[in-house]
Amino acid sequence: MKHFYLTILSISLSLLILSGCGDSESVLEINRAIDKVHLAQTSVSAFPTDSINSVRARLSQAKEEFKWLALDSNVVFVQSDAKIVGDLALASRYLKDVPSRISGLKNEIERCRSQLKGLREVIELEITIDANGDTINAKYLNENLQIELDAVKNLDLVLLETSRLIRLGLSTDSSSWDAIDSLITVKKGMWARGVSEQELISEK
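Residue numbers (the working numbering): 38 to 241.
Here it is, written out as structure tokens:
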């Protein structure tokens, strides 16, 4: 009988240790995920937002210039102008959604951090009921942990894509802006000469 009780005690202790190891591993996973979120925040903070906003505004103004110039009968666009105008459109397209992407990243970073810290607290304090009154058990924790780990993976993917768009947008602007600005100046010269000629004709 004594041997029987010792066996039961040994099994119980083993289960308790295994449970503790599971919780410990979950906390480690959460801590690693939180570290990734911190790195994402550092990357977002390093984005050159002033340069991005300045370039976007400049490109937007250039697009408006080309729109009204293209509508004027005094201004003629030729085939060689297409690449320059295309580069303007390409740079604008790369940077179009960047501000909303950055805002979304910041919001998701805060959400991920809050959720992960909440899960860690539930595990460490051994909370058994959540805010909605649902029972917190191993299945509950595993499912919610996986949801948040997947969210962090998606956060990293969005961050990489946003970084790519910023890099391409700024580099395209840098390599093509002189040609864009020069073309606008040339077309405005055409427009001004046309207006001047029309005024001379009207005066006769």
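Where is the CB? At the ideal position from N, CA and C, for every residue including glycine.
Item	Value
The stretch 223-232 / the stretch 127-146 touching (three or more Cβ pairs under 8 Å)	no
Coarse secondary structure for Thr-172, derived from DSSP in three states	strand
Alpha-carbon spacing of Ser-63 relative to Lys-133, whole angstroms	39 Å
Segment contact flag, the stretch 72-92 with the stretch 145-158, C-beta cutoff 8 Å, min 3 pairs	yes
9 Å Cβ cutoff met for Glu-185 and Ile-89	no
Terminal residues of the alpha helix (DSSP H) in which Val-122 lies	118-132
DSSP-derived helix/strand/coil call for Ile-164	coil
Terminal residues of the alpha helix (DSSP H) in which Ser-110 lies	Careful: Ser-110 lies outside any alpha helix (DSSP H) and carries neither H nor E.
Euclidean distance between Cα positions of Val-92 and Leu-207	8 Å
DSSP-derived helix/strand/coil call for Leu-83	Here residue 83 turns out to be Ala, not Leu, going by the sequence shown. Reduced to three states, the DSSP call for Ala-83 is coil.
Phe-103 to Arg-130 span [Cα, whole Å]	16 Å
For Thr-199 and Glu-158, the rounded distance between their alpha carbons	32 Å
9 Å Cβ cutoff met for Ala-99 and Asp-187	no
As assigned by DSSP and simplified to three states, the class of Cys-58	Summary for Cys-58: the model assigns pLDDT 49, below 50, so the residue's position carries little reliability, and this model does not support an answer.
Local Cβ density within 10 Å of Ala-175, reported as buried at 16 or more and exposed below that	exposed
Simplified DSSP assignment, three categories, for Val-115	coil
Inter-residue Cα distance where the pair is Met-227 and Ser-117	16 Å
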